[in-house]
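Participant: At the far end of the sequence shown sits residue 269, using numbering that gives the first Met the number 0, and the numbering has no gaps.
In this text, a Cβ means the ideal position worked out from N, Cα and C, and glycines have one as well.
Sending over a structure as structure tokens; questions will come in a sec.
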Amino acid sequence: MAGGWRDIVDGIAEDVDLGAARLLRDPRRKGGWTLLVEEVQQSYVDVRDPTYLSFEYTRRLASIVDTAAPAGRPLRVLHLGGGAFTMPRYVEATRPGSAQVVVERDRRLAGFVQRVLPLGFELEIVFDDARSAVAGWRAEDFDLVIGDVYVAAQMPESVSDVTFAVSVARVLRPEGIYAVNVADLAPLAFSRGQAATLRTAFDDVCLVVRPELLRGRRFGNVVFAAALRAGRLPVARLAAMAGRDRQPAQVVSGAGLDLLTEGTAPVVLD
């Protein structure tokens, strides 16, 4: 039925602005739900325990949240992409009182998720394209920007180029960090381009990646962290957390990142 959700065998479905959305219950966890848009998995959230992160890339992003400031300290966070609000829920659970803004293109998707899985805390939602929203935002307003913008399974060009990286850098406070999720496959051409692009706007860049993906043996996610000040990123702590994860990863920075990006040009859109 148009304008409302439909109960289905394994969850709830609704037509949204960008297609058909489904929220599927996790039979193994009472509070667990997976969001799919056009049958592509977008988010997993446990509404009973927002610190439980099923998707590997969300745990990488969470490690950046955890190390961005002393434990529990509220942050001002900009989320690019809403989905099921997995990362806003995590930030609220681990850093209560944080001021959070979400930029989301799909108004009906955001409404659907909030009706089925209420947030329980205040969150500002801006319905706009990520590129235009960031370009129009005031300078030095955020401690952390989290980028997770996708159309189906692809990161759109509009959030991948030098101009966008400069825009994100502008809205960060001097000690701020940009964390961004990228999906890629061998030979990591897209990730190499993103590393080179981020380095044009940030003085400290690293990536968190599973070794088998780095060796070109699988499709997966690469999570970048970028800071305005050289030496700002807690690389050793991020590496320790990635190594302890149930899907262990490694951190690439410094000379390793130089080698990875050798001969790779930053992304410049016409």
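Skipping 5 residues on each side, what residues in its chain have a beta carbon closer than 7 angstroms to that of Leu60?
Facilitator: As a working note, residue 60 is residue 61 in the sequence shown. The answer, listed in chain order, is Met86, Ile145, Ala178, Asn180, Val222.
Participant: Look up Arg206 in the DSSP assignment and say whether it is helix, strand or coil.
Facilitator: As a working mapping, residue 206 is identified with position 207 in the sequence shown. First, the residue type needs correcting, since residue 206 is Leu and not Arg in the sequence shown. Of the three classes helix, strand and coil, the one that applies to Leu206 here is strand, per DSSP.
Participant: For Asp269, which option in Ala195, Phe189, Thr57, Ser157 has the closest C-alpha, if you only look at C-alpha atoms?
Facilitator: Locating residue 269 in the sequence shown gives position 270, counting from the first residue. Checked all of Ala195, Phe189, Thr57, Ser157; the closest Cα to Asp269 is Ser157.
Participant: With DSSP run on the structure shown, which of helix, strand or coil describes Asp48?
Facilitator: What you label residue 48 is simply residue 49 of the sequence shown in a count that begins at 1. Asp48 falls in the coil class under three-state DSSP.
Participant: Taking the beta carbon of Ala188 as the centre, do at least 16 other beta carbons fall within 10 Å, making it buried, or is it exposed?
Facilitator: Taking the first residue of the sequence shown as position 1, residue 188 is located at position 189. So Ala188 ends up on the exposed side.
Participant: Using the Cα positions of Gly215 and Pro186, report the straight-line distance between them to the nearest angstrom.
Facilitator: Locating residue 215 in the sequence shown gives position 216, where the first residue counts as 1. Locating residue 186 in the sequence shown gives position 187, where the first residue counts as 1. The alpha-carbon atoms of Gly215 and Pro186 are separated by roughly 6 angstroms.
Participant: Is there contact between the segment 164-179 and the segment 128-136, where contact requires at least three CB pairs shorter than 8 angstroms?
Facilitator: Counting Cβ pairs under 8 angstroms, three or more are found: they touch.
Participant: Please report how far the alpha carbon of Arg263 lies from the alpha carbon of Arg28, in whole angstroms.
Facilitator: Position 264 of the sequence shown, counted from the start, is the residue given in the question as residue 263. Position 29 of the sequence shown, counted from the start, is the residue given in the question as residue 28. The question names Arg, but residue 263 is Thr in the sequence shown. Distance between the alpha carbons of Thr263 and Arg28: 43 angstroms.
Participant: Helix, strand or coil, according to DSSP, for Arg24 in the structure here?
Facilitator: Here residue 24 refers to the residue found at position 25 when the sequence shown is read from its first residue. Strand at Arg24.
Participant: What would DSSP say about Gly192, mapped onto helix, strand or coil?
Facilitator: Counting from 1 along the sequence shown, the entry for residue 192 is found at position 193. Three-state result, Gly192: helix.
Participant: Give a single yes or no on whether Arg21 has its beta carbon closer than 8 angstroms to a heavy atom of the ligand ATP.
Facilitator: The ligand content of the structure shown is nil, which means the ligand ATP is not present either.
Participant: Measuring CB to CB, does Val148 end up less than 9 angstroms from Thr196?
Facilitator: Along the sequence shown, read from residue 1 onward, the residue named residue 148 stands at position 149. Along the sequence shown, read from residue 1 onward, the residue named residue 196 stands at position 197. Contact: no.
Participant: Please go through the same chain and pick out, in chain order, the residues whose beta-carbon is closer than 7 angstroms to the beta-carbon of Arg58, but skip the five residues on each side of it.
Facilitator: For this step, residue 58 is matched to residue 59 along the sequence shown. Hits under 7 angstroms: Leu52, Asp244.
Participant: Compute the distance between the beta-carbons of Ala12 and Leu108, then report whether it is under 9 angstroms.
Facilitator: Locating residue 12 in the sequence shown gives position 13, counting from the first residue. Locating residue 108 in the sequence shown gives position 109, counting from the first residue. Contact flag unset, no.
Participant: Measuring alpha carbon to alpha carbon, tell me which of Ala224, Asp160, Glu211, Val150 ends up nearest Ile176.
Facilitator: For the purposes of this step, residue 176 is identified with residue 177 of the sequence shown, where counting begins at 1. Per the Cα distances, Ala224.
Participant: Note down, in chain order, each residue of its chain lying with its Cβ closer than 6 angstroms to the Cβ of Gln193, except the 5 sequence neighbours on either side.
Facilitator: Your numbering for residue 193 matches position 194 in the sequence shown. Only Val181 meet the Cβ criterion.
Participant: The alpha helix (DSSP H) spanning Leu237 covers which residue range?
Facilitator: Position 238 of the sequence shown, counted from the first residue, corresponds to residue 237. Segment 234-243, the alpha helix (DSSP H) holding Leu237.
Participant: When we look at the beta-carbon of Phe218 and count the other beta-carbons within 10 Å, is it buried (16 or more) or exposed?
Facilitator: The residue given as residue 218 occupies position 219 in the sequence shown. The residue in question, Phe218, is exposed, as its Cβ has fewer than 16 Cβ neighbours within 10 Å.
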